[in-house]
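Okay, so here's the structure we're looking at.
Numbering (the working numbering), first residue to last: 12 to 475.
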């Protein structure tokens, strides 16, 4: 008997040739409209001084404690872990979309046993194996457009994570500056309370000696009580700030209670360019992660129009199969009876009750909505920069004015104490000067916090 292996080899080669022909038949057509970036009315492009790929602001903030906290938050924050999972979902969706462009192949092996009614009671064992390949011709670019949409959705997910990283770094910096400000207020109130307590002690001695009256004593006692309340409120605010930092850092409840946080010290200034151009850095803003995510979502919606339009056109599927069968297992792999088949199927949509047309309308509406969201995102980016520039200018002026005020009130209090000890002024006037200085010191702390926060706001608005 002549061996059937050459015949099977030729047929399997024909099967491979059919699959290759299927790939060649699928053209490069796409029914998606050509993508065009929406027209935007932008100011003249005048980028900020410095390289476009400058390091993130927290790495050059001059505050190593803040930089370490930001890196810890970026590594453990739960919102970022969710964003990372969404990226993996988008990557898996892209893999599924790509798989639709490839042929499906499967190997089927069967074995069965039967009793022959003629040759009874002989038992007959039959074995067969078959390789089946199917491929959906992508004449109209449906699967390519679906893959393009999935790819843009992955890009959008990655850009959204980067935008979340910048937002998280900004929020953590704002919380850190607030925690530092509360710590400074606690220190100011502690010093003030200690000074008032010492003055109360001296005043009681003067009352006992008949030099001062009960009225002045009760005034001082009221001031000490008021400062004690202010101190406790500052301590409570500082503890709430500490708890907020723990959440942003992604720490567990146990770590929030048992873990240590750095103590808040002087608020470090964040370096910014000495001068900013009159025009906005247009190209830099278009590279912001949230703007890139909005454009990627727009491109994905544009590609989905091609997927929806392709539903009007027929699907063409190619199938091919080849294998062998034998009553003996050994003969199955040595060249038993073989079979080979190749075929094609065409399915043409006829009537779907307006479903296809509605699907196209929905895809085009999604694209139009994505255009509007993209334009809105760009407009919001420019607004945030304008707001940040204004806030920075205001914060600088306020901080300078508050520093001048604290210095002047400090000198006023020094002179008031000398006048009080000399009997030239009343205790009421002295206490008024103390209250004014305390309020000015608190305002200066808040002004410094606002100045540092405005710098973070500016860098965040510029895309980090």
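We put the CB at the ideal spot given by N, CA and C, even for glycine.
### Query
Apart from the five residues just before and just after residue 180, which ones in its own chain have a Cβ nearer than 6 Å to its Cβ?
69, 81
### Query
Excluding five sequence neighbours on each side, which residues of the same chain lie with their C-beta closer than 6 Å to the C-beta of residue 255?
186
### Task
Within the same chain, show all residues whose beta-carbon is closer than 8 Å to that of residue 64, passing over the 5 residues directly before and after it, in chain order.
No answer about residue 64 holds up, because its pLDDT of 48 lies below 50 and its placement is not dependable.
### Message
Using a 10 Å radius around the Cβ and a threshold of 16 neighbouring Cβ atoms, would you call residue 301 buried or exposed?
### Response
buried
### Task
With DSSP collapsed to three states, give me the class of residue 460.
helix
### Task
Would you mind working out which of 406, 149, 104 sits nearest residue 114, comparing C-alpha positions?
149
### Query
Going by Cα to Cα distance, which pick from 162, 471, 462 is closest to residue 295?
471
### Three CB pairs or more closer than 8 Å across the region 419-427 and the region 461-469
no
### Query
My guess is that residue 190 and residue 249 are in contact by the Cβ rule of under 8 Å, so how many angstroms apart are they, rounded?
7 Å
### Message
On a Cα-Cα basis, can you pick out the residue from 228, 376, 298, 194 that is closest to residue 208?
### Response
228
### Message
Just to confirm the assignment, what range does the alpha helix (DSSP H) spanning residue 67 have?
### Response
That residue, residue 67, is in no alpha helix (DSSP H); it is neither H nor E in DSSP.
### Task
Grab me the residues of residue 217's own chain with a C-beta within less than 6 Å of its C-beta, minus the 5 sequence neighbours each way, in chain order.
223
### Message
Could you check whether the region 195-206 touches the region 85-104, counting it as contact only if at least three pairs of C-beta atoms, one from each stretch, sit closer than 8 Å?
### Response
no
#### Entry: Boundaries (first-last residue) of the alpha helix (DSSP H) holding residue 546
No answer is possible for residue 546: the residues shown for the chain start at 12 and end at 475.
### Task
Output the distance between the C-alpha atoms of residue 403 and residue 313, rounded to the nearest integer angstrom.
39 Å
### Query
Which stretch, first to last residue, makes up the alpha helix (DSSP H) that contains residue 254?
225-259
### Task
Tell whether a beta-carbon distance below 8 Å holds between residue 427 and residue 441.
yes
#### Entry: Continuous alpha helix (DSSP H) stretch holding residue 413: start and end
366-432
### Task
Sort out for me which residues DSSP pairs residue 120 with in a bridge.
140
### Task
Can you tell me which of 84, 75, 164 puts its alpha carbon nearest to the alpha carbon of residue 381?
164
### Message
Please tell me whether residue 386 and residue 118 are closer than 8 Å, where the distance is taken between their beta carbons.
### Response
no
#### Entry: Whether residue 173 touches residue 259 by CB criterion (8 Å)
no
### Message
Suppose contacts are defined by Cβ-Cβ distances below 8 Å. Is residue 311 in contact with residue 451 by that definition?
### Response
no
### Query
Do residue 317 and residue 43 come within 8 Å of each other at the CB atom, strictly closer than that value?
yes
### Message
Once the 5 residues before and after residue 203 are set aside, which same chain residues still bring their CB inside 6 Å of it?
### Response
238, 449
### Message
In the DSSP assignment, the alpha helix (DSSP H) including residue 89 goes from what residue to what residue?
### Response
89-110
### Task
Reducing DSSP to helix, strand and coil, say where residue 47 ends up.
coil
### Query
From 437, 438, 416, pick the residue whose C-alpha is nearest to that of residue 447; which is it?
416
#### Entry: Distance, residue 230 Cα to residue 213 Cα
14 Å
### Query
Going by the beta-carbon positions, is the gap between residue 321 and residue 153 smaller than 8 Å?
yes
### Query
Which class does residue 289 belong to by DSSP, given the choice of helix, strand or coil?
With a pLDDT of only 47 at residue 289, under the threshold of 50, the placement of this residue in the model should not be trusted; the figure read from the coordinates follows. Residue 289: coil per DSSP, three-state reduction.
### Query
Taking DSSP as the reference, what is the three-state secondary structure of residue 437?
coil
### Message
Less than 6 Å between C-beta atoms, sequence neighbours within five positions excluded: which residues of the same chain meet that for residue 61?
### Response
Reliability of the predicted coordinates at residue 61 is poor, the pLDDT of 38 falling under 50, and the value obtained from them is presented with this limitation in mind. So no residue of the chain qualifies.
### Task
Thinking residue 161 and residue 108 are a contact (beta carbons under 8 Å), I'd like their distance in whole angstroms, please.
4 Å
### Query
Between 473, 408, 437, which lies nearest to residue 457 when the distance is taken from Cα to Cα?
408
### Message
Would you say the beta carbon of residue 50 is closer than 7 Å to some non-hydrogen atom of the ligand SAM?
### Response
Absence of the ligand SAM from the depicted structure is noted, as is the absence of any ligand whatsoever, leaving it without description.
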